[in-house]
Structure formats: C-alpha cells, structure tokens
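Asks: Numbers in this note's numbering are just positions in the sequence shown, counted from 1, shifted up by 11.
For each residue, glycine too, the CB sits at the ideal point set by N, CA and C.
On a predicted model such as this, the values are computed, not experimentally measured, just so you know.
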Amino acid sequence: MTNMYKMNDKKTSMNTMRPIRIFSMVMLLLLSSSLFAQSYFNPLLMNQLGLSHSRDVALSGSNTSDYSTAMNAFSNPANQAGFIGLKLSGSFGAIATNENRSFPAIDQFGDVVTNNIYVVSKGLQSTFSGGATWGNGQFSVSLASTPFLTQAFTFKEEIRGSLYSPNINRDPLIGYHHMNQAGIIQSSGASLGTAFGSWSVGLGMRMLHGVGLENEWGISVLDSADVSALAAGSSLLKTESWELDNTPLIINVGMIKDFGLHWRISASYQAAYSIESTRQSALPLYSNTLGLPFVAWVSDSIESAINIPARLEVGLRMKPSNSLPTAVYVSLAYQDWTQYEVSYADSILNSDFPFDNAMREAFTISGGIEHWVNENVPFRAGFTWAESPLDSDLSQAIISGGSGWKSGPLQFDVAIQLSSVEYRYYDIFVPVEMSPNAYENVRESKTNYSISVSYSL
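#1: Could you give the first and the last residue of the continuous beta strand (DSSP E) run that contains Arg328?
#2: Going along the chain, which residues of its own chain have a beta-carbon closer than 6 Å to the beta-carbon of Gly104, five neighbours each way excluded?
#3: Using the DSSP secondary-structure output, state which residues sit across from Asn126 in a beta bridge.
#4: Take Leu323 and list the residues in its own chain whose beta-carbon comes closer than 6 Å to its own, dropping the five residues that flank it on each side.
#5: Answer with buried or exposed for Val384, where buried requires no fewer than 16 other C-beta atoms within 10 angstroms of its C-beta.
#6: What do you reckon, is the C-beta of Asp438 under 7 Å from a heavy atom of the ligand FMN?
#7: Within 10 angstroms of its Cβ, does Lys457 collect 16 or more other Cβ (buried), or is it exposed?
#8: Within the continuous beta strand (DSSP E) that includes Ala155, where are the two ends?
#9: Which value, in whole angstroms, describes the spacing of the CA atoms of Thr165 and Val443?
#10: State yes or no: is the C-beta of Leu468 within less than 8 Å of the C-beta of Gly146?
#11: Could you say if the stretch 121-135 and the stretch 72-82 meet the contact criterion of at least three C-beta pairs nearer than 8 Å?
#12: Return the Cβ separation of Ile313 and Asp357 in integer angstroms, given the expectation that the two are a contact with Cβ distance under 8 Å.
#13: For Met370, does the count of other Cβ atoms within 10 angstroms reach 16, so buried, or fall short, so exposed?
#14: Does the stretch 230-243 come close enough to the stretch 199-217 that 3 or more CB-CB pairs lie under 8 Å?
#15: Between Phe94, Thr300 and Pro183, which lies nearest to Gly204 when the distance is taken from Cα to Cα?
#16: Buried or exposed for Thr289, going by 16 or more other Cβ atoms inside 10 Å?
#17: State buried or exposed for Ser43, treating a residue as buried only when at least 16 other CB atoms are found within 10 Å of its CB.
#18: With C-beta atoms as the reference, is Ser140 less than 8 Å away from Met82?
#19: Hey, Thr161 and Ile195 are a contact pair by Cβ (cut 8 Å); roughly how many whole angstroms apart?
#20: Tell me the rounded alpha-carbon separation between Trp274 and Glu225.
#21: In angstroms, rounded to a whole number, what distance separates the CA positions of Gln149 and Gln91?
#22: Ends of the beta strand (DSSP E) at Arg290?
#23: Who are the Cβ neighbours of Asn257 in its own chain at under 8 Å, not counting the five residues just before and after it?
#24: So what does DSSP say about Trp210, is it helix, strand or coil?
#25: Excluding sequence positions up to five away, which residues of its chain have a Cβ less than 6 Å from the Cβ of Ala201?
#26: Following the continuous beta strand (DSSP E) through Ala89, name the residue where it begins and the one where it ends.
#27: Using 10 angstroms around the beta-carbon of Thr395, count the other beta-carbons present and answer buried if the total reaches 16, otherwise exposed.
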C-alpha cells in the first residue's frame, strides 16, 4: 500500500445532553461496543439483531426473564404469561456505521511509525418493528414483526493517482472502489404463554422474509490514463436484488420459575434454522490462509444454504426490597457454532472453501439494571460480554443505557448503543500489479439508536 490512497476523514459531532444522569450515561457509552459490529462478515454470519424495543436495547438483552412488549416475547415466550390487558407497541431503530481502514507506515528499521487511514466508509440502516399482546393473567398471546438478521455493509474508497514532488499533496482523484450490501431479514409470527402457579411456559413461532435485499460491487474509473491504483482498468458495476428461496421457521420455547416476590429464573431455547438463496454476488466464503471469511463475486448465480445453530439461554431476575422499584437482570447464552454450515450447489466451491472446524463455541453473558427514579421516569443500563465464533480477538464488551417517560397508558422509551471492533484484514480491492497487504487494520464502529412507544388498554 502506498500514499496513493488518501481520503478526507469526515468528522461527526454529538450534542451534549443537559441532564447530568443522561450525560454520564452517554460518556460511558462512548467507551462501549456492541453485537452489531463486524459488518463485512454479515453475509456469512447473518448477524442476529435480536433487540428491537428500546427497553431491551438499554438492558443489553439481559431481561429474557421479564416481559417488555410483544417484540421481546420471542426471546423467552414464557415472559408474557402473567400479562393482563392489551398492549400495542412500535419501535424505530437506526444503525449508523463508520469504518476506517488503514495500513502501517514502516520506517527503515522496520518499526511502525503510524497507521495511514486510506478509506472511511459510512452507512445508515433503519429498522421498524411492532406488535400486540393480549393476556388475562394466566394465558396470553402476542403477534409481532421484528428485524431479525442483517447483511448490511457499506464501503467506499477514493483512489488517488501518483504525482511526484512537489505535487504530492495534489494527487488527482482517478476513481472509486465501492461495495454496498443492504436489506433486512424480518421475522413475523406469534407466541403463546401460560402460567401454572409459580411456573410459566411459552411457545413462539416465526417465519423469516427478506426486505430490500440488495448487493452492489463496483469500480468506477474517472481517469483511464492512470489506473495503477485501481483494481481494474475499466469501469465495472454489478448489482443484484435477491430473495430467500425458502421460508425459514424459527421455534422458540421457554419456561420461568418464580421464587417469591424477589427472585425469578428462566430458560429458553431457539431452534436451528437454514437460510437458502440464489445469488450471483456477495457469496460468503472462508479463507483458510487468512483464517477469516470473505465475500466473493462470481459471474454465475449459485444456490447456497446457511445453517445457523440452535441457541440456549438461561436468565435471572432479582427485585431488591427497596422503596423505589428496581430490577436486576443476568442472562447467559450458548451457541455451538461448530455446527454452523455453508453449502453450495457448486461442488467446486464446497471443496475449495470448506467451513469445517472454522467456527467455535461461543458464550454471551449479559447484565442489566432498571431503576425507576420516580413513577414516570426509569433509568436503565446494561453490560454484555460476547465471544466471537470467528476469533477470540473479535470478542466484544458492551455497555448500553436508556431512559423513558410514562404517563398513564402511554409510554415512550429511548436507548443507545455504541460499538467498536478492530481486526486485521486484506484489502478488499487489490490494486493492479500489487499483492494484498496482510497488515491492513480495520476499525469499525456503530451507533444504534432506538425509540419506542407503547399504549396499554
């Protein structure tokens, strides 16, 4: 990599909130990371979004043993069993992505002097969810539609030509490398819950369907006289819209045991499922040399199937006996990613890029606290440590928080999560007559905003 790559780093700013409690929460969030990172690997893992309601986002998903809305009933369908009345809920989310790619500048002694950022990519993805729950205290039913999986990834790289001294800082723009993967796989379904004394059990079923699934891969040449820094000597653009070839059905079962007024334990199970599609671009493959996934673009459409393993989770809720309402949540989830499989209709791809033993078992531990400052305003905070099935260096710590306002049957909730992950990877677009840079650094950060509204009847 040379100094031919230059890009102006765009800067963002965040308005400082006036209330001291919210300001402190945001300062903690600036140091946090989230499960939404690693976007480039999303076509492989199909990262599960999971959290849609603001309360669940603020508690980092640790509240699997407690009911929030119809949208979180699928995390453990038994948590809705004690609900009474009718509750309507809706949520809007926005996930902003910022990715920096850099390469090390090495001096004559072999020491790294600095990391030169040569590309900054930004993207924004919005999500919508909604649902309703009805219950009589012993039996309840929920209907909901929530974002479940995402393949989102945005990459845009300016390519500069090479001029010699004294015009180095005037290198002309000769083209772009760009890649964009957009769309959501939405889940829609129903769940049931019922109570037997101190026990609650539940069953949920959802079907997956794609919304706006699109891929774009391109090389735009502005100056054909100087293409040494580009991955191709001529403009190239591939676009594709794709759909799921199957209709995956996900089954969730759960149970809860209450121990008096202060303690509750829960367990839930999400069955394995498979996603089948026919795609020409953005095929998820695995590099044994790199030890990480990569995205391939082929000339022919290829059928693929991605098998996601089952997920087991246990949870705990504790309500201390203090004057102000407070609840503490803890959850532990396990997923055996060694059972993960990717297969293709093309046998050559299966033999050249096998996924055998490429993934690892992964645990996720989460904790959260909800404290009602008064009868109208809650304060929420959460923490998560999530192991990565790809590599231990990609494991992430998460700090999240949020608040809300309740007035009679109407309630508003807000939450925020910030994410950050760093790893090393090859250049996605390798310049002409150059080899990939094995020491390229990638830093991806995301901000996940959520606002929800609920109305109880």
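Replies: From the atom records:
#1: Arg322 to Met329
#2: Thr138 and Ser461
#3: Pro115
#4: Cβ neighbours of Leu323 beyond the five flanking positions: Tyr280 and Tyr345.
#5: exposed
#6: By its list of ligands, the structure shown contains no ligand whatsoever, and the ligand FMN lies outside what it can speak to.
#7: buried
#8: Phe150 to Thr161
#9: Straight-line Cα distance between these residues: approximately 22 Å.
#10: no
#11: no
#12: About 5 Å; that satisfies the 8 Å criterion.
#13: buried
#14: no
#15: Phe94
#16: Sixteen is the threshold: since fewer than 16 other Cβ atoms of the shown chains lie within 10 Å of the Cβ of Thr289, the residue is exposed.
#17: Confidence at Ser43 is low in this model, with a pLDDT of 29, below 50, so the placement of that residue is unreliable and no value is reported for it.
#18: yes
#19: 6 Å
#20: 46 Å
#21: Cα-Cα distance, rounded: 9 Å.
#22: Tyr284 to Arg290
#23: Around Asn257: Ser285, Ile286 and Glu287.
#24: strand
#25: Leu154
#26: Unbroken run through Ala89: none, as it is neither H nor E.
#27: By the neighbour-count rule (16 or more Cβ atoms within 10 Å), Thr395 is buried.
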